[in-house]
Structure formats: C-alpha cells, structure tokens
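Residue numbers (the working numbering), protein chains in the order written: chain B, 400 to 750; chain G, 400 to 750; chain E, 697 to 1313; chain P, 697 to 1313. C-beta atoms are modelled at their ideal positions from N, C-alpha and C, and glycine is treated no differently. Report on the following structure.
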Amino acid sequence: MSFIRKPTVANSRLPKNALGLTRRDYEGGMSTLCAGCGHDSITAALVQAAWELELVPHQVVKLSGIGCSSKTPAYFMSQAHGVNSVHGRMPSVATGAGAANRDLVCLGVSGDGDSLSIGFGQLAHAMRRNLNMAYVIENNGVYGLTKGQFSASADVGSRAKRGETNVQPPIDPVVTAIALGCTFVARSFSGDKQQLVPLLKAAIRHRGFALLDVLSPCVTFNDHEDSTKSYAYTRRYYHPAIHADFVPPAQDIKTAYDHGEAMPVELHDGSRIVLRKVDEGFDPSDRARTIGFLQDAAKKGEVVTGLMYIQPGQDDLHEVNHTVPGPLHSQPYAGLHPGADGLKDLQRRYR
Amino acid sequence: MSFIRKPTVANSRLPKNALGLTRRDYEGGMSTLCAGCGHDSITAALVQAAWELELVPHQVVKLSGIGCSSKTPAYFMSQAHGVNSVHGRMPSVATGAGAANRDLVCLGVSGDGDSLSIGFGQLAHAMRRNLNMAYVIENNGVYGLTKGQFSASADVGSRAKRGETNVQPPIDPVVTAIALGCTFVARSFSGDKQQLVPLLKAAIRHRGFALLDVLSPCVTFNDHEDSTKSYAYTRRYYHPAIHADFVPPAQDIKTAYDHGEAMPVELHDGSRIVLRKVDEGFDPSDRARTIGFLQDAAKKGEVVTGLMYIQPGQDDLHEVNHTVPGPLHSQPYAGLHPGADGLKDLQRRYR
Amino acid sequence: MTSDHGTPAPLETAAPSGSRVNDFVIKIANVNGTGSASANGLLMKSLFRMGIPVTGKNFFPSNIQGLPTWYEIRVSGDGYRCRSGQVDIMVAMNNETYVEDLAEVAPGGFFFYDATWPRDSQLSRKDVTILGIPLAGMCNEHFDQARSRILMKNVAYVGALAALLDIDMAIIRQLLNETFASKAHLVDANQAAIDLGYEYAQEHFSCPLPLRLEAMDETAGHIMIDGNTAAALGCLYAGATVGAWYPITPSTSLMDAFKSYCERYRVDPESGERRFCIVQAEDELSAVGMVVGAAWAGARAFTPTSGPGISLMNEFIGFAYYTEVPIVLIDVQRVGPSTGMPTRTQQCDILSCAYASHGDTRHILLFPADPHECFELAVAAFDLAERFQTPVMMLTDLDIGMNDWMVPELQWDDGYAPDRGKVLTAEQLAEMPDFHRYADVDGDGVPWRSLPGVHSNGAYFLRGSGHTERGTYTENSEEYQRVLDRLEHKFETARNVLPAPVVETSADTQVGIISIGSCDGAVREARDLLAGRGYALNYLRVKAFPFADEVDAFIASHRRIFVVEQNRDGQLRRLLLMETQATRQQLSSIRHYNGMPISARDIVEDIGRALSQEVAA
Amino acid sequence: MTSDHGTPAPLETAAPSGSRVNDFVIKIANVNGTGSASANGLLMKSLFRMGIPVTGKNFFPSNIQGLPTWYEIRVSGDGYRCRSGQVDIMVAMNNETYVEDLAEVAPGGFFFYDATWPRDSQLSRKDVTILGIPLAGMCNEHFDQARSRILMKNVAYVGALAALLDIDMAIIRQLLNETFASKAHLVDANQAAIDLGYEYAQEHFSCPLPLRLEAMDETAGHIMIDGNTAAALGCLYAGATVGAWYPITPSTSLMDAFKSYCERYRVDPESGERRFCIVQAEDELSAVGMVVGAAWAGARAFTPTSGPGISLMNEFIGFAYYTEVPIVLIDVQRVGPSTGMPTRTQQCDILSCAYASHGDTRHILLFPADPHECFELAVAAFDLAERFQTPVMMLTDLDIGMNDWMVPELQWDDGYAPDRGKVLTAEQLAEMPDFHRYADVDGDGVPWRSLPGVHSNGAYFLRGSGHTERGTYTENSEEYQRVLDRLEHKFETARNVLPAPVVETSADTQVGIISIGSCDGAVREARDLLAGRGYALNYLRVKAFPFADEVDAFIASHRRIFVVEQNRDGQLRRLLLMETQATRQQLSSIRHYNGMPISARDIVEDIGRALSQEVAA
Ligand SMILES: Cc1ncc(C[n+]2csc(CCOP(=O)(O)OP(=O)(O)O)c2C)c(N)n1
Ligand SMILES: Cc1ncc(C[n+]2csc(CCOP(=O)(O)OP(=O)(O)O)c2C)c(N)n1
Ligand code: SF4
Ligand code: SF4
Ligand SMILES: [Mg+2]
Ligand SMILES: [Mg+2]
C-alpha cells in the first residue's frame, strides 16, 4: 500500500502543556453549526479541559450519536479517534469500546434528543454499569438537526418557535441520573466556561460514569421569548449551587484554596475535586435531598448548576469484571485458548 | 362466511357483581407457569379486582410483552381483548390503542426484564405522556422464561441459582417512576392479596399512568437462599408503609372508616383512595421525601410497599390533545376531510 | 466586450447555441439559512403562472445554516419533469462555490453573480457569458435592517432574471400580494428589491437573453406541490385518525403537513375537540408500535419515516404481518446505507421493505412516481392494509417528497367510502360464540377480525408467537403451518388487486424498459430521445409489489429489458428475478445512485450504447 | 396373550417387521421440569459408548415446567443423522399425551408406559406391542424424598430399556461413575433405579426385543456435542475477547458455554484477572452496538442471537457494513415470523440476513451443517470479518445449536494465528501522516484500518453518514459513490475466499440437489434412498454467501435442481435466483417448515414424485 505524505505545520509560539502540545493540537475540524450555537462553546471548553488535563490525544475516543450536538466531536481533538454512531445508541458503542480497551479515555457528546428520547434506555443502562466515561448532554430542549421539534427535556410551558406550547413534563437528566445511581452527576451552561471547564475535567477524571448535562441554547429553533432554554432565560434564572474545582494529584489544595470552607473529594488517581457550597440547603452526597432541592428549584423555574452528586470509589465495569490491565486486543493469543492438547482433553466429556 | 356455534355454560350458583358476572367470568385460560409462581397469585388478584370494579370485560384491553409474566394476560378475563406484543415494546402498543380508543380500560402486565431492561425507554416515555393505563410489573429480579439470568431489578449481593452474585445497582422502578414524574406509583407483593387488590383497583381507576411494581418470586430460578427476591426474603423484610383502600363513588367514607386517621384522595370519577399511614416518616405527595424514604429503606434491605406517590388531576394524553370523546374509529368519515370541494379549494395555494 | 459586469455582453459570440425559448435550466447557488427558498419559490411560481411547465429541485446540506445549497429550475415547454442534466443559467450567490458553479454551466450558457465584491479573475470562461450585478451593494444602500438586506438580495436576483428572461412583472406583483396578503409593507419591500434587480439588468444588459420565456397555456389544471404534502392529504382523505412518528429527514414535512391539515379540518370550532391524535414518539420502534396498537384498536393509523426508521421497525413489521394488523408505513427514501446522505435521494430500500423482518415475511409495497400518485396511493394504502390485514408500505423518496412537482390537480370522488375490510360488527359477533380470528372462512386467505371494545365474542389474543386459527397459542406443527400457509395464500390474493403497473407498449418492439417511482420522468424523456435515435422502447412502470400478472406478461413479450432504478444493487431487478419469470439475460441493469435525481442522460447513454452494440454484434 | 403389562408379549404377532438391529427410533414422552434430560442423556451416551451411531433430538415447549416434552433417539448403524420420520419404541411417561404418543408408533412398534396407574383401555392398538412397567410405583417404594422419586422414575426406564434393548450395563455403570464422580450416594441411587427397571423388564418380558442393539465400532474418533457449545469453542479458539448478548432461545446456551470456557481457560490463577469481558446487554440493539464498539476498538467481538434479535440489529448491521467494522453475529435460527415458535427449528432468516438493513447492503453469511462445522466456521467468521472489515453472520438453527450430534472430534492446529487483516501498526502509522481509512490502496477493495489508542496519525472519524476515502464527511456525489463502489468490489473479492461449498457429483446425471445447513443429514439419506429407487442425484451444499463460482458451475451443469431448505418462502432458492445464473425452471423448491427437523422422507416423497412425473411425461 502507499499513502501520500502531507507536511504538518507546527505552531511554536502558543503556550504548551506538559506534553508539549498547544491548545490548537486539541482542536478539530471547522464547525458547521449555526453561528452562536451553544454547542460550539462547549467544544471550546472541551478543548480547554483536554489541554489542561494533558490528555494524550490518540488515547482519547470521542463518541456521539446523531444530531447537531453529535456532530461536535468532529470539531475538537482531530488527533483522537471518533465515532458518530447511529442515533441514540452511542452508549452501547462506548460500552463496547470501553470493554475492549480500558486504557482509552472515553468521552461521549450527545444531545437531549439523542440521549433522552431514542437513547434513554441505553443511557440508563450505561450508568447502571458504571461504565468509565464522561458523557456530555448538549441540552437545548429541541431536536435541532430536524428543525426544532420538542425533545424530552422541553420544559412545561416552553413555547416552540412554530407556536405550540409543551405540556409534557420534561425528563430531567440530572434528577433521573441520581435516581438511577449514576456516580457523578453535574449540570452546567455552555455560557459559563469558568464553571464548565473544571466540571469537564472532573468528569473525565472520575472513574465510572460521569453525566454532565450542559444547557446549550439552540439559537435557530429555541432561543426566542417564551423558550425556557434560551440564553436569556438561562442567564436570568441561573443558579450555581456549588463550585467545583479540579485539582490534579501533584498540586496542593492549601495553595489552591487559601480561604472559604472547601470540601475536597479525592478521586482514584489522587486528584481531587474541591467543592465550595454556594447554597446551604444542599449536599452533593445525599441523593434524596439533592433531588428534593432540584425539584423545588425546578418549580421556581430555577436552573440549578454545579456538581450535583458524586460517589467516588464505586467499581466500574472492569473492576466488577476483574479484567486484566491493558487493551484486550493486545492480550497474547496463546493465553486465550488451551491449544490442540487442551481441545483433545476437554472433548473427553463429550464422549 | 360461517363459524361453528359452541354452547356457553352458565355458572349460576356463584356470587355475581352488578353486571351479573361471577368471578369465573373474569378468569382466563389455564396457567402454564410453574406451580407456585408469584405471577399466578397476581393473576388471581387481577381477577378479584376486575370483578369488584365491575369492569365490562370487552371494554378492557390486556397488554403485555414477552416473558413468563407477559403470558399471564392469557390467564385472566378471556372475554377481554389482549395483546402479547414483542419483547419490551408493550408501552408503545398500549399508547397506540389508548390513542385510538380512549374508552378502553387499558391494563398492562409485564416483567422486570420486559420493562426495565429492553423496555425501559418505552416505559419511561409512556409515563411521561401520562397515558391512561394501569401498568403492573411482575418483578422477580430475573428473566424467568430464558432460565434465570439477572434482570435490571436484581439487587446488589443477590445470588443467582447458578452461583454468581449480582454487583450492579438495581433499577428501582418505583424510585425511577417517581423521579420521572409518574402520577401514580405503588409497590406490593404477590403474596399479599389484601394489599394488592385495592392497589390494583386504585391503579385501574386512576386517570393517567399508574405504575404498580409487584414483587413476584420466581420459584424456579430465584427463590433460593441468598436471593433477595425470594418468598422468604420478601416476607422477612416486608414493610408496608401505608395502607391504601379503594372506595367507589357511591360509597361513603365514614361508613368505610369509622376509626384511624384516614386521608382520602379523590379521583376524577368521584371514587377515592383512602390512605392510612403506617409509617410517619412518609408522605405520598412529596416526591423527594418518598425517594429518600425508599433509598434509606433499600439500604436496610427493607421491602417498602404501599401507594408510594399519587398526583391525581394531571392531564392524560387525551386531555392534553383535546381529543373528541369516544373511539376515533367511530368518528363519522365525513367529519375527517373537506370533500371534493374542499380539495379543489385548498389546492389554490399550490397554483 | 469584456465579461466584466456592467457593460452589455456580446451575446452572439458567447452564446453559439443561439436563442432558446421555454427550454433551459436555471440553477441558483446560495448559502442555506439565508431565506433563498422564498425567492426561488417566487421565481418558479411566476413561470408556472405564465403557463410554462417547470420543475424545481432543491439540493440542500444536512445542516441548518451556512453551507452551500442549490436550487435547480428546469423550464420545459415540452413538459419534461426530470433534470435535463445541464445548466444554462447559473445564479451564483455563494462565492464559496463560484468555481464549481461556473464549471457546471453548459457552453453558451450564462453565469450571473453578485458583483458587489470584485470577482476572482479565475472565473472567466470563454464559452460562458458572465454577468455581474452588485446585488448586495444595491440592497445595502436601499434597506437598513441587516436581516432584510440578506433576504432582499435574493429577491433582487428574481427581479434581474425577470428582465433577462422576460418574466411577466404583473404576475410577480400578484404573487407578492398573495404571499404577503396582510403585510403590505412586505409587499412593498419585496417589490422594491424586484425593481432594483429588474432596472439594473435593463440598464446594463441587452434584455432579454437569447434564452428566454414566452407565456404558454401548458399549466392549466395543474398544481405545484411536493410529495410529502400530497401524501399527507392522502392520509387525511383516507380518514387516518392516528399518526405516530419520530422526526427524520426527508419524511418530517409529511407529518407536519398532516398535522396542519388536521388542525384546519378536524377541530370542532366550538369545543375545540380534535378528531385525530398525533403522537411524537421517542423513536421509530415506538412509533410503529403505536401504529400497531392503534390499528389493532380500529383506527386507521400510519407512520412516515425513512431508511433508518425502517430498519428499526423491522421487528414490529414482522409482528404486524404475522398477527395481521393493518398498518401503513410511508418510507420517504434517502441515500443509504446507514445514516448515508440524509438530504440526497435514492431508491435503496426496495429489498429491505419487501422482506422486512426475520422469518418468512413478504409485504405489500406501493411505488408512487410523483406527488399526484402520493395522494392516490396513500389513500389506497389504507384500503389495502385493512382489506388484507397486513402492513402496507408506500415507498417514495426525497426527490418526490421534498421537491415541488408540477402535477395534475388532485381529484376526489365524494362517493368514496373507506374499505375497512372484513371487520365484524357487534351484531355479527353476538351471533358468533365461536369466532375464529385466523381462519380462512371465505377461501381467499383473508380472515375476519374483531375490534376491542365491540363485543366479548370477538375477544381474542393478538400474539406474535405460534397461534392456531382461533388465535390460541400453539406449538403444534400442523396448527402453526395452517396459519402460515394461509398468509401466503392471502398474499397471492392481493397480487392482482393492487394498483396496476403503467404499461406503454405502443412501439412494435422486443425491447423495453421497466422502472419504478421517481425515475418515471427521466425514463419518459429518455424514450423520446432514444426514439429520436431510432430506438423505440416499450415501457412498464411497477406501481406495486407483489407484481401483477401484467408484469410477467410484459417480461414474456420482450427479448431485452432495461431495468432503470436509483440504487447500487439493482434491487428492483433482483426482485423481478425472484418474483417473475424474468431471466438474468433478459434484464439489463441501469443504476444511478449518486444521490442526485436521475436525468434522461443517465439512461440514454447506457441504453444507447447497449443497443448499438447489439446492432454491431 | 393380552398386551396387559406383566405377561410376556407375543412379539411375533405384534412385530411383523421382525428383528432389527441398531436401526430404530426410541422416543421418550415426558413432562418438562422433571429432570428427564439427564436420563435421556444417560441412555444416548450408553448407546454411543457401545460404538453405535446415534442422534438425539429434543422437542421441548417454550415454558419452564409442566408441559409435554419429547426426546427422540435415532439408532442408526449406517450412521444416518437425521430424523427417520418414524417411531419404533415410544417410552410414554406423560399420560397427558398417551393417545397421540401411541398413535405415532409405527406398526410393529412398541409402546412402553408407566403402569403404576391403570391404563386407559383406549390405548390398545393391535399392531403395537404395549408394555407396562409400574415405574412410579417401584420408585415410590424404593426412594423416600419426593424429588428423587420423580427423578429416579426416569432413570428407571433407562434400566428397563437396557434389558429390552440389550444395553451394556457396564457402560451405564461407568457413565454413572463419571457423571456423579464425587457424589457416591448419587451413583448408588441411580444404579438402584437402573436395576429396578432392568430387573422388572427381565422378569416380565422376553428380553431382548426384536429391535435391539449390538455393539459396533462406529463412534470411535467422534463426540456427541451440541452446536452452541461447539460454536462457543470456536469463539474461544478464535481469540474473541468481548462478547455482548441478550438472552434469547435458542442462542442462550452459546454464551453460557463461552462464559464457562473463558472462566476455565482465561482467568489468571493468582490474580484472578480475566482475559475477556462478557456484557449482558439490555437488549439486542445494545448488544450489537457493544460488539461494534469493541471491534472498532480492536477486540474480536461477537453476539449470539436469534431472529427477533437480527431484526432489532438491522440498523447497526448497516452501520457496520458502511463503516467497515468487523463484527461477528451468530444467528441460531428458530421458527418465525415474529416470536414464532421459540423452541422449534427453521432456516427462515437467510434473506433477512443476506440484505440486512436499509440501503444497499449485502453481507457475508456462513452456513454450518452440524456442530463440527459450527466450531470451524466460528473461527473462520472472525478471520473473514477482520480480513474484509465487514459484518459476518453465521447462521445455525435450533436443531444444530441445541441438540446433541455425533460428529468427528474437533481438531486444532497449533500453527493457527488469527488473521487480523489490514491493521496498521504504530510504526506504520508513524510513517503515514496522511492515512486514508477508506481508500482502495491495494486494488482488492479492502482498505487499511487503524485502532484507537495506537497512533495519532491513525485517528479518523467512524461515521455512518456519507464519507470520503479519508473518512471525512461528504455530501459530494462522486466522493460518496467512490466508497460505495469499493464496498461492492470488496464483496466480490470475498466471494471466492469464503468456505467452499461441499460438492458431490459422483453420479453421472443432470439432476441435482442444492441444500443448506442442517438439511444435510436428511439430504444424504434421501440421496441413498432415491438411488435405491434408481434416481441418482448430485449434491451441492452451500457453506457461504456470496456464492462461490462452484455454485454457478454446479448449476450450469445440471438440467434440474431441487433446492431443499427449511422455510416457507424458499429463501435459498430466491437467493440463488438473484445471485447466480440459475433460472426458475431449473430450480424446484422442496420446503419443510413445520418446526420439526427435516427427515429424509420429507425429501424423498417430493423428489420421487417429481422425477417419476418427468419419466411419465
Ligand atoms: C434512527 C433515526 N431516527 C431519526 C433520525 C433523525 N434525527 C437526526 S438528529 C435527530 C434529533 C437530534 O436532537 P438532539 O439529540 O437534541 O441534537 P441537537 O440537534 O438538538 O443538538 C433526529 C430525530 C436519525 N438520524 N436516525
Ligand atoms: C427481541 C427479543 N429478545 C429476547 C427475547 C427472549 N426473552 C423472552 S422473555 C425474556 C425475559 C423475560 O424476563 P421478564 O420480563 O422479567 O419476565 P419473567 O419471565 O421473569 O416473568 C427474554 C430475554 C425475546 N423474546 N425477544
Ligand atoms: S440548529 Fe440549533 S442546535 Fe443545530 S447548529 Fe443550529 S443552533 Fe445549534
Ligand atoms: S420460571 Fe419463574 S417466572 Fe417463569 S413461570 Fe416458572 S416460576 Fe414463574
Ligand atoms: Mg437537542
Ligand atoms: Mg422477571
């Protein structure tokens, strides 16, 4: 076989991370989304988070389903492998990839339609398996790519661009995830990079399933008045309940937090998430209270954000399975079967 | 066409309900389930409830998916139409039947595998639409018909007959239903007919989606020691949190309840569910607290039963849609289209 | 003269082909999300109103905003409805695609662009006349809101074309009045934009161009409509009351149209009560499940979808086949496999629909060729589904479904009553204590059915597992086989009751064409062109599967048959090989599957070559 | 003498057929959930150990306990493996089915029942010898626990048959020792039950019967194994490390076997670390999605399923085809359509697998005929999937998958190394800054692939939407078509590399049989029987799709071909019509689809009639 070589351009002047990579090395193809689409801001936050975490690009796999949101993995980390699965079935593909190679950093990006309508069953079961992945829902309350029908996350009373008003109760991915026993559940907003980047880093580092519901307005079909998923509405009712900062293993918390009562949560690799409550009526380790807190807020139409629930140390799919370290495809073939003698031997019982 | 007549036998001596029907008129074909299977007790309770509610058999539709549990609609009300849908997709068939004919009394019977594994997405969305139906999960923690694999409701630490122990957190249909906004959520036990029959009656009369999770031991594959879904375990950790009685419109509560603090909940047709708390730390109108209550109980391994949550008066699918009364197929055809003139007329804009 | 914009173009030199009236192609290159759709609609409608046959084809990206999009209008006095395969006038509004757009223009054609910005010198082509108009410039001067500047730029080129092609300005005015009926200010704004373009063109170019229009009377009794809207009207007139769906391009607009017509004609003015129920499902498995439930309960129910949806519906399709529930599916085909190209057209689901689902299953398929047939066959689909108690799938495609076609006005016979098939009434059931749901009482393979809620004698258990003629569960070989064999018998009964194929055996020849659906226009034009070359070909277009006897008759009477279809694997040809007497030698395959609607050229070349070789040999 | 149990039966009169050695059928009628399986296994194994070829077929209900179940053992010294189509000895342990069971016995046969309860007089049949033994009675006397009374009743009839048929008691003893190795008390209990039956028979009947056994040496080098276990071993030896599944009869035991073999051979004794990962998915859509993800990530991955699962997997199968991910599916076919009869056998998914998914898709299929081929072809499936980067489906059926077949011992060549196909190493990728995932660099239509986590130069985007040879998104007609055409080319490349058909053209005749999978045994016996009647037929059994050239060659050289298959619609025949030069006239269809495994008789009658008519005509 033979392929054509193409020169690669190095951009020397930009700041580099420990791997010697610049932010640009974490970028991807040109976005084809609408100008102002919330999804593009999340893409930018992902680039930032990956660069700061010093992820080795080709160790990362980006997975998505179908939708405007699901297109975004093509717009960051072009040096990472990616999958645009079929609509709503990305969790199963991620499960398979994760099962085959536990060393991969598994990053899922999906939409509210892809995850809560057609994909709800698979999402729930991936959580149940505590698959080791970060799963971002770019939540805009509509099906963008098919031109603005309500999705399962549309709020009661929200009006569609075509005029009709939604009357069905929404599926709140955060409440549902907590109820389903997901071990890391957070909500954020595409417009709040300060909050989003550290949450993304924590989600990626959390061992187990990390769900991150990110409100991400659809400027074309759901950013008008009477929409509860517009930029205006989200900013207006925005309510950060808790600050979460991600601190890598090396760094010392003291230096990071001189003041304010900080609750550090230690992750499997020694890194920590440092939480600082804004809201007292709230405890990210108490499922039921958090659900109550969220449902009360929802009644007031508030958009509560932050790290809503975390339970580190729960076995993930491979810890449960006691899988050998490393990718399964690199297991020596000889160790996978007992050979000709073994075959002769085991057939005795069939005689 | 021509069909052969077959004489019908009347059983005169048995007690009759207002329709002049005996319990036997609500029975069905002979069960082919294992002797002692919990499902058969639920079938008996369904016969009792239907007879007491004086349901007109042919106004009832029985729907199920695939599984031992899903076979049971063949074992009661042989004068009612039934559907054995494909595995896990009964909620959509029920939605269609309900959409077509709002007069039908829609009764779903399914299993934990059918509802929480393959069928979880459809179940969640049927709840979201507040489809007017009673949905019974005959929950035994395993796939009975395929010989005992763990289902999504298997508890952590429960041991399978073949030896392996479940480590994945279960999907608790009650907690999940409450989190998803289901308007009637209850749990019971196949072995407690006293509790089960009134709950079934209330579920059937509730307008909207009523989920009834009924623990129903699988004597063949999940009734051994170290199973948390066995008769022994369930009886041992059985914890009725609240009594619910169903009172038809006519009857007066006073007479029904001379003593004990009773909280009547009025349903759309004037009938009531009368609740009497056993457990103080509990309020069936507070979602979050109930979830907390259930999760604490779950930690202790308790099996909490009763009417866990109810929210009457929420619009069902047809109230939302403002559908005309009666079956849609009985709408006069003339009212469905503007005729030849209308067609001429409406085509002007295509010129 | 130079081909810089401004000075009149020496049309003689650059347009060797000379003058052509009512027979050319205009293609507008634009950026999606800029509202070019309404401008293009205005342009096409005005030609249609001038009595000149037109077709418009929209080539848009699977994205919402900012990518290249094209609209192709074929003007054909002879009434040809397919793509001609060449572009005579390119209206280039997207400088991203200037180069490819210019390359596409046929020699002697015209390239018309927005000259507000200096044009890239690479653009010049000797054999193409290049006309520049500073559209953006003019609109920016004249309008002040950003949005209207973008929109009006598009309206302005319509004005320019009006001058260049000699479009009746009164008609344009009239259309603006109708479109913006209530909003007078919009009428004025649009008219202003029209005038800007019109006057500039009149001033700077020698109008009209040698390619021009002349009013005719060829569109009377016709309408311009897309297939999804027509199919939706079919569902409305068929009396479908339950629609379940999950959005998917290119079928989405079908349910949108059905919904708006229902809201117009089926809502009680006083009570506001609705005589329909449309459910947006969470996915296609659920959508088809709802249709099964609704149809079983007695309502006429349907779901529109596209390829991926059909794949997801497979299990339920087999269930409905075996349990004999009359469901209607409409597959607006798009380019496969998998997600494929959602905004491009193909006929690639023929095989997967014919045998959808595991086990021994075969299904009734209907193949409309244009929006007019979408209407007729949609109505037929419900009658056939209920008459034969089985799934009926209507296969259209993106080209039919989403493009505007000129078709004869839709007709309706008020004498029509839905054929509900063999449904037992309460009275009949009362007389029938021993109802057999799955028995062949009439010898035609079609059993009688009962609806829930009607009578307890009609109660039976609908099950996808093995069942007897009574509908009871069985694992008995004979009981199982009796029902399965009847299903095959039923399918045979349907064969010659389905919409008949369209046969044109005028010519006395042994050579013919068999085709399907949206290929029709291209095949018709190809036959004329081939006739011109001395090759007369007969023609059969299948309208339904299973194939009627006429199809076998046609095959039997032709030595050689070209099977024209829009997919890679020759799916119609495969189906013919399996289900008719045709031999491989007889059937040559002409396949076009790049996502663009097939044109006469795609056919003529291949057939011409094949036949000339025959002669040679 | 009377045929009441007790007094010896006058075998001459009732058994006109006279004595037959090693050539008859024993059928045991029982109730499921009573542990008859182990007794039947014991019986069959002992015959096998006597060196006599046997096959056992289990006919069980789709329920867990209390319904009728049958086990049929064919003893065939000539080594025929299919059902003979008649029953010579009926062991009737289920009084619910006495009547039909008696009716099934061939004239001159024996009906052996539990005479603990007085027998219904209707049972007597002049041409059948009826033997009664009070099995339950004896066991109730001898054993005290309720459960062991039920179990031992079954073991006891094995003892009785040992006497009646002359089974080597030493072998039975030996088998009991092996089975209950550690639990001596069980050995004794079972032996006691054996003796009860044995002695009673010896006492009351003139043993052995004219239908009896004689030791031979025809089973050396063979094993008795079911196809699901053999296929699981194939997956183990192929080095599959990820298995995803959702339980469904009759495929469930395949993953059970794979799991237990992995636990035996792939768990590190010290660390307990496991060199495999099996995931029980929530449904089949998820199971196949996991396999796609795992295969894309580089592991050999598979999912076993049955018809309904295939229907649900349709969308992902098309995705894997178009994105070129090497996945392996094993479809253990059962009776369709829909849920059908889950515990009965058919070959009814051939067409739906060949063209699974919407759009232009075609897939590689493998058709094993017995457990031995399940092992071989399972290994081949993974090599082919990776070599051609496409889904490979192995189609077995319930008969092969769940019944015990006598087949040659499985062989393994330690020289085997998995063929991973064109996978680029980190080193190769380092040299390759411009990797094209979907380009045909070698001219065979098979592109090179890269695995995630290996090298950033190998990074590409796997997408089911239109893509270029580089894997980038496209809506461009030419770029799209280039990839689609290469896929067709790749499929052609595979054609003659797949497992070759089995061809037996011994006879010098123009008449032949083409068949598939588990029909093989019946076809072989049918050929012998027909030869006996003077009809010699050649034979070709397809082992893979797309069909190799040999298939066309066979078709070309035969005037008339009978296509034998187990489905209603003649799916193999349809596939041959589409994919070979065969004409309809050439291919006569022999279809058996009532859920019971096909027998030679089902074939001989039809072919015999057809050929005699030929002669007549
Ligand atoms: C099986 C299938 N059904 C339907 C579609 C059409 N479709 C594409 S994207 C989409 C919804 C996407 O919504 P969401 O996940 O919220 O993404 P967004 O565009 O809003 O970011 C749908 C219905 C499809 N591609 N595949
Ligand atoms: C599509 C499909 N997949 C798998 C099966 C096999 N199957 C039948 S029932 C069943 C599980 C039933 O479990 P549950 O719903 O809990 O019912 P139970 O038997 O425990 O009462 C499965 C996996 C099927 N029938 N269809
Ligand atoms: S349609 Fe909405 S979601 Fe899609 S790209 Fe545009 S703004 Fe974003
Ligand atoms: S297997 Fe279990 S669930 Fe099924 S019938 Fe028997 S006891 Fe009931
Ligand atoms: Mg969305
Ligand atoms: Mg269960």
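With contact defined as three or more Cβ pairs closer than 8 Å, the region 608-622 of chain B and the region 580-594 of chain B are in contact. Closer than 8 Å to the CB of B/G497 there is not a single CB belonging to chain G. Under the Cβ distance rule, E/C973 counts among the residues neighbouring chain G, one pair being separated by less than 8 Å.
Rounded to the nearest whole angstrom, the CA to CA distance from B/A602 to B/T689 is 18 Å.
Residue-level contact by beta carbon fails for E/P946 and chain P, as no gap is shorter than 8 Å. Here P/E768 has K723 and K753 as same chain residues with Cβ atoms under 6 Å from its own Cβ, once five neighbours each way along the sequence are excluded. Judged by DSSP in its simplified three-state form, P/R908 adopts strand.
With a cutoff of 8 Å on beta-carbon distance, B/K470 and B/L506 are scored as not near each other.
P/T937 is the residue among P/D952, P/V963, P/T937 and P/G1005 whose C-alpha sits nearest the C-alpha of P/G994. Using a CB distance below 9 Å, the part of the region 558-584 of chain G facing chain B consists of V566, Q567, P568, P569, I570, D571, V574, T575, I577, A578, L579 and G580, ordered along the chain. E/D784 and E/Y942 have their alpha carbons spaced roughly 40 Å apart. Beyond the five residues adjoining it in sequence on each side, B/M662 comes within less than 6 Å, by CB distance, of L674 in the same chain, given in chain order. Residue nearest to E/S715 within the set E/K1239, E/F806 and E/I1046 is E/F806 (criterion: CA-CA distance). Of all C-beta pairs linking the region 1047-1055 of chain P to the region 1110-1118 of chain P, fewer than three are shorter than 8 Å, placing the two stretches out of contact. In chain order, F1012 place their CB closer than 6 Å to the CB of E/G985, counting only its own chain and leaving out the 5 sequence neighbours on each side. Closest by C-alpha distance to P/G1208, out of P/V1260, P/F1243 and P/F1157, is P/V1260. Closest by C-alpha distance to E/C958, out of E/E966, E/L929, E/L860 and E/I863, is E/L929. Closest in alpha carbon position to P/T765, among P/G775, P/D774, P/I748 and P/A788, is P/A788.
Taking 8 Å as the threshold, the shortest C-beta distance from G/D685 to chain E does not fall below it. Judged by DSSP secondary structure, P/N736 falls outside any beta strand (DSSP E) and instead within the alpha helix (DSSP H) spanning S732 to R745.
Chain order gives no chain E residues near B/G437, where near means a beta carbon separation below 9 Å; the closest approach is about 13 Å. When the five nearest sequence neighbours on each side are left out, the beta carbons in the same chain lying within less than 7 Å of the beta carbon of P/D979 are those of Y942 and L1008, in order along the chain.
Interface flag for B/G543 against chain E is set, since a Cβ pair is found closer than 8 Å. Relative to ligand 1, P/C835 has its C-beta separated by 7 Å or more from all heavy atoms. Short note on G/D622: C-beta not closer than 7 Å to any heavy atom of ligand 2.
Residue burial annotation: B/M429 is exposed, with fewer than 16 other C-beta atoms found within 10 angstroms of its C-beta.
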